[in-house]
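Number of protein chains: 4
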Amino acid sequence: MANIKKMLNAHPRRSHVDADAFAKCAEEVSACAQTCVSCADACLAEDNVGPLVRCIRTNLDCADVCGATSRLVSRLTEYDWGLLESQLRACVAACRICSAECDKHASKHEHCKICAQVCRECAEACDELVSEVPARK
Amino acid sequence: MANIKKMLNAHPRRSHVDADAFAKCAEEVSACAQTCVSCADACLAEDNVGPLVRCIRTNLDCADVCGATSRLVSRLTEYDWGLLESQLRACVAACRICSAECDKHASKHEHCKICAQVCRECAEACDELVSEVPARK
Amino acid sequence: MANIKKMLNAHPRRSHVDADAFAKCAEEVSACAQTCVSCADACLAEDNVGPLVRCIRTNLDCADVCGATSRLVSRLTEYDWGLLESQLRACVAACRICSAECDKHASKHEHCKICAQVCRECAEACDELVSEVPARK
Amino acid sequence: MANIKKMLNAHPRRSHVDADAFAKCAEEVSACAQTCVSCADACLAEDNVGPLVRCIRTNLDCADVCGATSRLVSRLTEYDWGLLESQLRACVAACRICSAECDKHASKHEHCKICAQVCRECAEACDELVSEVPARK
Numbered sequence: 001m002a003n004i005k006k007m008l009n010a011h012p013r014r015s016h017v018d019a020d021a022f023a024k025c026a027e028e029v030s031a032c033a034q035t036c037v038s039c040a041d042a043c044l045a046e047d048n049v050g051p052l053v054r055c056i057r058t059n060l061d062c063a064d065v066c067g068a069t070s071r072l073v074s075r076l077t078e079y080d081w082g083l084l085e086s087q088l089r090a091c092v093a094a095c096r097i098c099s100a101e102c103d104k105h106a107s108k109h110e111h112c113k114i115c116a117q118v119c120r121e122c123a124e125a126c127d128e129l130v131s132e133v134p135a136r137k
Numbered sequence: 001m002a003n004i005k006k007m008l009n010a011h012p013r014r015s016h017v018d019a020d021a022f023a024k025c026a027e028e029v030s031a032c033a034q035t036c037v038s039c040a041d042a043c044l045a046e047d048n049v050g051p052l053v054r055c056i057r058t059n060l061d062c063a064d065v066c067g068a069t070s071r072l073v074s075r076l077t078e079y080d081w082g083l084l085e086s087q088l089r090a091c092v093a094a095c096r097i098c099s100a101e102c103d104k105h106a107s108k109h110e111h112c113k114i115c116a117q118v119c120r121e122c123a124e125a126c127d128e129l130v131s132e133v134p135a136r137k
Numbered sequence: 001m002a003n004i005k006k007m008l009n010a011h012p013r014r015s016h017v018d019a020d021a022f023a024k025c026a027e028e029v030s031a032c033a034q035t036c037v038s039c040a041d042a043c044l045a046e047d048n049v050g051p052l053v054r055c056i057r058t059n060l061d062c063a064d065v066c067g068a069t070s071r072l073v074s075r076l077t078e079y080d081w082g083l084l085e086s087q088l089r090a091c092v093a094a095c096r097i098c099s100a101e102c103d104k105h106a107s108k109h110e111h112c113k114i115c116a117q118v119c120r121e122c123a124e125a126c127d128e129l130v131s132e133v134p135a136r137k
Numbered sequence: 001m002a003n004i005k006k007m008l009n010a011h012p013r014r015s016h017v018d019a020d021a022f023a024k025c026a027e028e029v030s031a032c033a034q035t036c037v038s039c040a041d042a043c044l045a046e047d048n049v050g051p052l053v054r055c056i057r058t059n060l061d062c063a064d065v066c067g068a069t070s071r072l073v074s075r076l077t078e079y080d081w082g083l084l085e086s087q088l089r090a091c092v093a094a095c096r097i098c099s100a101e102c103d104k105h106a107s108k109h110e111h112c113k114i115c116a117q118v119c120r121e122c123a124e125a126c127d128e129l130v131s132e133v134p135a136r137k
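Residue numbers (the numbering used here), protein chains in the order written: chain A, 1 to 137; chain B, 1 to 137; chain C, 1 to 137; chain D, 1 to 137.
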């Protein structure tokens with residue numbers, strides 16, 4: 001079992017939320033943040049950086065937005081659904097832009113292919129957690 | 001002049017955006033991120049932490065969301081207005097929740113009073129940058 | 001295979017370093033950062049926060065130091081061993097302080113028990129990567 | 001007065017440390033983190049990215065290390081001098097490498113010239129705080 005799932009199951013307020021849904025999302029955004037840091041760096045090391053400038057920018061943004069989202073969904077104490085929903089929506093936006101851009105370079109660069117897929121899965125996990133929000137408010 | 005203003009004025013793509021509006025917002029979110037880290041820590045050191053638990057949580061969230069926003073608005077290369085708007089809205093949400101919570105403790109704790117004010121100014125700066133978005137799309 | 005391992009194996013400069021050693025360390029520091037964010041939050045939700053104040057502080061520090069370290073070891077392009085070694089040593093220090101503090105509360109709080117173990121494994125992974133440094137200089 | 005100085009002066013444990021020295025350092029590392037994010041982005045927008053690849057990498061590392069350091073020195077509760085010293089040393093290393101690299105491009109790119117100067121001032125501020133450490137242990 002992933003560490004974050006064990007942690008949220010051991011949280012004193014685990015019963016207030018669907019801790020597994022939070023853990024699933026937390027795992028994905030954390031993996032996506034790291035993947036995007038790495039993809040920006042791999043793009044930077046390619047022989048011809050020019051066509052990858054937009055990809056590097058979207059990778060860096062996606063890494064930062066996923067990093068902040070990862071911290072929010074790793075906390076269960078006194079959360080605010082409105083903020084959570086708002087940050088998750090920003091995260092979905094970042095992941096969709098990044099996966100679309102990485103897809104353009106996927107046939108040439110394996111790191112972009114992997115990153116596009118990771119971003120897609122992350123957007124889905126965030127979308128799923130957002131879909132839980134209205135019922136909770 | 002603040003460093004970030006000098007930096008954005010020296011950016012090769014400064015003419016594509018209102019660099020001063022970006023710099024103003026970047027300065028505020030960066031200051032707000034640091035203020036919230038400090039307020040969470042000051043709350044934690046108070047004799048009776050119990051009534052400050054929600055304040056600490058909102059401070060930590062606001063610090064993380066402002067931190068990510070600070071990085072996005074410090075970049076001018078190949079930006080995406082949709083993502084920028086989405087992250088700025090999450091930042092406004094975080095700052096408003098945090099200033100409202102800090103206001104409750106402002107009469108007792110000077111650090112909460114200062115933090116509430118910094119969060120309010122940050123929300124305004126983000127709102128102003130959002131209001132620039134539609135014209136640019 | 002973990003995403004970061006796949007990413008570093010697809011990196012244009014993978015042959016310059018032991019990409020697997022970097023991937024192993026990157027995975028651990030990223031998991032540790034998230035675990036520490038969660039442990040700080042779980043401590044904050046306990047009935048009696050007082051005895052956990054120092055634990056929350058060390059968790060927050062460890063989360064931040066691991067987060068930065070995670071980004072550095074996820075990059076292979078034009079790295080600087082001196083900086084890497086220096087940041088890895090700071091990360092080992094953060095993880096050891098945090099695991100020692102969490103150990104004190106492990107019998108009472110399952111989240112502290114898990115976190116202590118994750119920090120210990122993270123310190124080991126960072127130590128191992130540091131031990132590779134002299135041979136590379 | 002800068003916000004962080006006001007905050008640390010309002011902290012319940014301000015008398016345990018030289019709060020002004022912490023505030024000075026916190027201000028510098030926060031400004032340096034943002035400046036480095038911006039310099040990496042400005043380098044990425046230059047016509048010929050190739051000669052700036054190492055500069056972008058050092059900027060990104062310096063931004064991350066300064067970001068984590070900023071959070072540590074913004075906290076006064078239950079700090080650990082050993083960890084603080086270790087992270088400040090990593091920060092000095094990051095700033096020196098980054099200022100040296102930016103200096104190489106300073107005659108061509110104003111953003112690198114500004115960034116080199118900001119990194120130098122940040123390294124000095126961290127060095128000064130480190131020099132306070134032995135007396136405190």
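Virtual Cβ for every residue (Gly too), placed ideally from N, Cα, C.
DSSP three-state assignment for residue i, whether helix, strand or coil
{"i": "Thr77 (chain A)", "result": "coil"}
{"i": "Arg13 (chain C)", "result": "coil"}
{"i": "Lys5 (chain D)", "result": "helix"}
{"i": "Ser107 (chain B)", "result": "coil"}
{"i": "Asp18 (chain D)", "result": "coil"}
{"i": "Glu46 (chain B)", "result": "coil"}
Nearest to residue i (by Cα), restricted to the options the options
{"i": "Ser38 (chain C)", "options": "C:Cys115, C:Leu52, C:Arg13, C:Val17", "result": "C:Cys115"}
{"i": "Cys102 (chain B)", "options": "B:Leu83, B:Trp81, B:Ala90, B:Thr35", "result": "B:Thr35"}
{"i": "Glu128 (chain C)", "options": "C:His111, C:Lys104, C:Cys91", "result": "C:Cys91"}
{"i": "Leu83 (chain C)", "options": "D:Ala45, D:Asp80, D:Arg89", "result": "D:Arg89"}
{"i": "Glu110 (chain B)", "options": "B:Trp81, B:Ala42, B:Ala19, B:Pro51", "result": "B:Ala42"}
{"i": "Gln87 (chain B)", "options": "A:Lys104, A:Cys112, A:Thr69, A:Glu121", "result": "A:Thr69"}
{"i": "Ala40 (chain D)", "options": "D:Val53, D:Arg120, D:Cys119", "result": "D:Val53"}
{"i": "Cys126 (chain C)", "options": "C:Met7, C:Ala31, C:Asn9", "result": "C:Ala31"}
{"i": "Cys25 (chain B)", "options": "B:Val49, B:Asn48, B:Glu85", "result": "B:Glu85"}
{"i": "Ala10 (chain A)", "options": "C:Arg120, C:Ala33, C:Ala10, C:Glu46", "result": "C:Glu46"}
{"i": "Arg71 (chain A)", "options": "C:Ala33, C:Arg71, C:Arg120, C:Val130", "result": "C:Ala33"}
{"i": "Lys6 (chain A)", "options": "C:Val130, C:His105, C:Lys113, C:Glu121", "result": "C:Lys113"}
Anticipated Cβ contact below 8 Å, residue i with residue j, distance rounded
{"i": "Ser107 (chain D)", "j": "Ala123 (chain D)", "result": "Incorrect: roughly 21 Å between the Cβ atoms, too far for contact."}
{"i": "Glu66 (chain A)", "j": "Ala94 (chain A)", "result": "Looking at the sequence provided, one finds Cys at residue 66 (chain A) rather than Glu. Sure, about 7 Å apart at Cβ, within 8 Å."}
{"i": "Ala201 (chain A)", "j": "Glu27 (chain A)", "result": "Residue 201 (chain A) cannot be examined here, being either before or after the span of chain A that is shown, 1 to 137."}
{"i": "Ala21 (chain C)", "j": "Glu132 (chain C)", "result": "6 Å"}
{"i": "Asp80 (chain A)", "j": "Ile97 (chain B)", "result": "5 Å"}
{"i": "Ala23 (chain A)", "j": "Leu44 (chain A)", "result": "With 8 Å as the limit, Ala23 (chain A) and Leu44 (chain A) do not qualify as a contact, their Cβ atoms being about 32 Å apart."}
{"i": "Val49 (chain B)", "j": "Val49 (chain C)", "result": "4 Å"}
Chain-ordered neighbours of residue i on chain G, where CB pairs are closer than 7 Å
{"i": "Arg13 (chain D)", "result": "Among the chains of the structure shown, chain G does not appear; the protein chains present are A, B, C and D."}
Any non-hydrogen atom of the ligand SAM closer than 7 Å to residue i Cβ
{"i": "Arg120 (chain C)", "result": "Inclusion of the ligand SAM in the displayed structure is not the case, the ligand content being empty and no account of it being possible."}
**Study point:** Cβ pair count under 8 Å reaching 3, the stretch 57-66 of chain B against the stretch 49-59 of chain C
**Key:** no
**Study point:** At least three beta-carbon pairs within less than 8 Å, the stretch 76-84 of chain B to the stretch 5-22 of chain B
**Key:** yes
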